[in-house]
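Taking the numbering used here, the leading residue of the sequence shown gets 2, the next gets one more, and so forth. Each residue gets a CB set at the ideal place from its N, CA and C atoms; glycine is no exception.
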Amino acid sequence: MQHLYPPQNHRSRHWQIIFQVFIWIIVLLFPLFSYNIRVLDPAFYIKECINTLFLIGLFYFHMLFLIPRFFVHRKILLYLIFIVAAILLITIEQQAVEFAIFKRISGSPNQAFIMPAHSAPHHHFHHNEDFAPPPPPHLQGKKIAGMPAFIFKMTLRKALFSSFFILLASGFIKIALEWFKAQRRQEELEKEKLNAELGFLKQQVNPHFLFNSLNSIYALTQRKAEEASEAVMQLSLMMRYMIYESNTPTVALEKELDYLQNYMNLKKLRLSNQVTVHYQVEGNTTGLRIEPMLLIPFVENAFKHGVSYKENCDIQIKINVGQRKLHLVVSNKIHRHEDTEPGGIGLDNVVKRLNLLYPTDQHQLVITQENNIYTVSLSLLLKDVYD
Numbered sequence: 002m003q004h005l006y007p008p009q010n011h012r013s014r015h016w017q018i019i020f021q022v023f024i025w026i027i028v029l030l031f032p033l034f035s036y037n038i039r040v041l042d043p044a045f046y047i048k049e050c051i052n053t054l055f056l057i058g059l060f061y062f063h064m065l066f067l068i069p070r071f072f073v074h075r076k077i078l079l080y081l082i083f084i085v086a087a088i089l090l091i092t093i094e095q096q097a098v099e100f101a102i103f104k105r106i107s108g109s110p111n112q113a114f115i116m117p118a119h120s121a122p123h124h125h126f127h128h129n130e131d132f133a134p135p136p137p138p139h140l141q142g143k144k145i146a147g148m149p150a151f152i153f154k155m156t157l158r159k160a161l162f163s164s165f166f167i168l169l170a171s172g173f174i175k176i177a178l179e180w181f182k183a184q185r186r187q188e189e190l191e192k193e194k195l196n197a198e199l200g201f202l203k204q205q206v207n208p209h210f211l212f213n214s215l216n217s218i219y220a221l222t223q224r225k226a227e228e229a230s231e232a233v234m235q236l237s238l239m240m241r242y243m244i245y246e247s248n249t250p251t252v253a254l255e256k257e258l259d260y261l262q263n264y265m266n267l268k269k270l271r272l273s274n275q276v277t278v279h280y281q282v283e284g285n286t287t288g289l290r291i292e293p294m295l296l297i298p299f300v301e302n303a304f305k306h307g308v309s310y311k312e313n314c315d316i317q318i319k320i321n322v323g324q325r326k327l328h329l330v331v332s333n334k335i336h337r338h339e340d341t342e343p344g345g346i347g348l349d350n351v352v353k354r355l356n357l358l359y360p361t362d363q364h365q366l367v368i369t370q371e372n373n374i375y376t377v378s379l380s381l382l383l384k385d386v387y388d
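So this is what it looks like as structure tokens:
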């Protein structure tokens, strides 16, 4: 069975049902306040309740059965047949109820309808036959001929109008609900696609770092075996971060920066004294969060292309944090050599992640190359613990 509103959970579904019941109760009680109770026979209110209950049934029948079963599947002929049958049923029902009320008040269906003699205050005046027509018959307490035909026409118009109104209202609400449901489904699909793509990108990043780290440890064991244990510890800290932290949507900024520091420590164990790394962090990082593994590709890229064993090298890494913004600048001299470590996706990967995770007004990435100096400048809007 379809739901009137797409339920997100049991509590919201219960509130939706309560809201609908409340609305229909107001509709049922409306005649009680719209008629003049002093002259209204209770049968009139019963009549309105019966008619309203049938219209409520038409409302849900059209919205939950006819539209999804026939209209959506373009079975227009069957849909129109059911619509005509439903309108005919409502018309017969209202005529039957009206006839029963008329019979109750008039005493017999063949008698004329007798209206009570009652006049509003503005009819209390002296009637002068020479200057004004007499008051209407029902204000004189007289019998009115032809009332059943009048009631039939009035009830027919009312039945047709109310039926068409209910059909249009239920159709509009159904279309609106389906549109909102489709929008929500589209958002969920896009979110799932985003998560899948981000997961795929992360899986590409992690083997890249592991591969480079193992290369560093291997090179270290060839030269300084006594320092291999320190390298293993650095790698252990890196792997712990990748396994236990990087699977969450965001991580504390301090942990991301610790990961950068561990990576650089591991790389320094392999590098010669010809390579100088300047790493500087300014600002308060407490309470700020960032997507995991987002900064490391820029640092890794600097080590990958900015290190040479034939000449002095200088790598500059500066991070400034303030007002929930992070500014990262990484610069290095470009060294052309053929023994670059293989593997990895590089900056293309992180650019994709930035575009997926941050709108254009929340990040800015500028990459320049001047005088053989490669510079990456990233400005990023950070999240805090309350986001």
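| query | result |
| --- | --- |
| Among 324, 158, 233, 271, nearest to residue 310 - alpha-carbon criterion | 271 |
| Counted within 10 angstroms of its Cβ, other Cβ atoms place residue 307 as buried (16 or more) or exposed | buried |
| Assigned secondary structure, residue 272 (DSSP; H/G/I helix, E/B strand, else coil) | coil |
| Euclidean distance between Cα positions of residue 315 and residue 186 | 51 Å |
| Cut-off 8 Å between Cβ atoms - residues of its own chain near residue 373, not counting five sequence neighbours on either side | 334, 335 |
| Close Cβ partners of residue 381 (< 6 Å) along its chain, the five nearest in sequence each way excluded | 327, 364 |
| Inter-residue Cα distance where the pair is residue 100 and residue 15 | 39 Å |
| Which residues DSSP lists as bridging residue 323, in chain order | 326 |
| Beta-bridge partners of residue 366, as assigned by DSSP | 379 |
| Option nearest residue 277 by Cα separation, candidates 304, 251, 238 | 304 |
| Pair within 8 Å by beta-carbon distance, residue 263 and residue 238 | yes |
| Residue 291 - containing beta strand (DSSP E), residue span | 289-291 |
| Secondary structure of residue 333, DSSP reduced to three states | strand |
| Residue span of the alpha helix (DSSP H) that contains residue 244, given as start and end | 229-245 |
| Same chain, Cβ closer than 8 Å to residue 348, neighbours up to 5 away in sequence not counted | 298, 299, 302, 368, 377 |
| Sequence-distant residues of the same chain with beta carbon closer than 7 Å to residue 79, five excluded per side | 71 |
| Distance CB(residue 320)-CB(residue 352) smaller than 8 Å | no |
| Residue 280 in three-state terms, based on DSSP | strand |
| Cα-Cα separation between residue 293 and residue 84, rounded to whole angstroms | 57 Å |
| First and last residue of the uninterrupted alpha helix (DSSP H) at residue 49 | 43-62 |
| Residues near residue 20 by beta carbon distance below 6 Å, same chain, minus five either side | none |
| Per-residue burial, residue 274 [other beta carbons within 10 Å of its own, 16 or more giving buried] | exposed |
| Run of the alpha helix (DSSP H) containing residue 306, from where it starts to where it stops | 297-306 |
| Residue 385, buried or exposed, once every other Cβ within 10 Å from all chains shown has been counted against 16 | exposed |
| Which listed residue (53, 350, 286) has its alpha carbon closest to that of residue 322 | 286 |
| For residue 392, the three-state DSSP class (helix, strand or coil) | Examination of residue 392 is not possible in this model, given that the chain is present from 2 through 388 alone. |
| Environment of residue 331 [buried if 16+ CB atoms lie within 10 Å] | buried |
| Same chain, Cβ closer than 8 Å to residue 98, five either side skipped, listed in chain order | 48, 51, 52 |
| For residue 167, the nearest candidate out of 325, 370, 250, 28 (CA to CA) | 28 |
| Same chain only: Cβ atoms within 7 Å of residue 256, ignoring 5 sequence neighbours per side | 242, 246 |
| Residue 44 beta carbon less than 8 Å from that of residue 88 | no |
| 8 Å Cβ cutoff met for residue 236 and residue 267 | yes |
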